[in-house]
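**Student:**
In my numbering, the protein residues as written are 25 to 131.
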């Protein structure tokens, strides 16, 4: 588990991003693929306002992951989203929050 916490002075977008990050980190391997896809989709939506500041390849990956996650979340027989995509999304969210100065170490 991480020792990071959201700064109380963070704006609403940063707080939403931090909450989505927490939900994503809280996923367990045995959670249903639909539950995982919903958390991943929520995280991609929270990260979307920051896509313009990302590298073009990262912005494209975010867009593709958003499309994949909604398809999986709505599927009758969903497949799992790869762990590598979840890990990439967590890292991207941490980078954005760190650049904004919204993340601090928990006491």
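We put the beta carbon where it would ideally sit given N, CA and C, even for glycine.
1. Quick check on the burial criterion: 16 or more other C-beta atoms within 10 angstroms. Buried or exposed for residue 58?
2. Can you tell me the Cα-Cα spacing of residue 65 and residue 123, whole angstroms?
3. If residue 63 and residue 48 are in contact, beta carbons under 8 Å, what's the gap, nearest whole angstrom?
4. By the 10 Å Cβ neighbour count, where 16 or more other Cβ atoms means buried, how is residue 98 classified, buried or exposed?
5. Could you pull the start and end residues of the alpha helix (DSSP H) that residue 117 belongs to?
6. Which same chain residues end up closer than 8 Å to residue 110 when comparing Cβ atoms and leaving out the 5 residues on each side of it in sequence?
7. Compute the Euclidean distance between the alpha carbons of residue 93 and residue 55, then round it to the nearest angstrom.
8. To the nearest angstrom, how far is it from the Cα of residue 79 to the Cα of residue 37?
9. Give the secondary structure of residue 56 by DSSP, where H, G and I count as helix, E and B as strand, and everything else as coil.
**Tutor:** Working from what's here:
1. exposed
2. 22 Å
3. 5 Å
4. exposed
5. 107-123
6. 48, 51, 60, 64
7. 15 Å
8. 20 Å
9. coil
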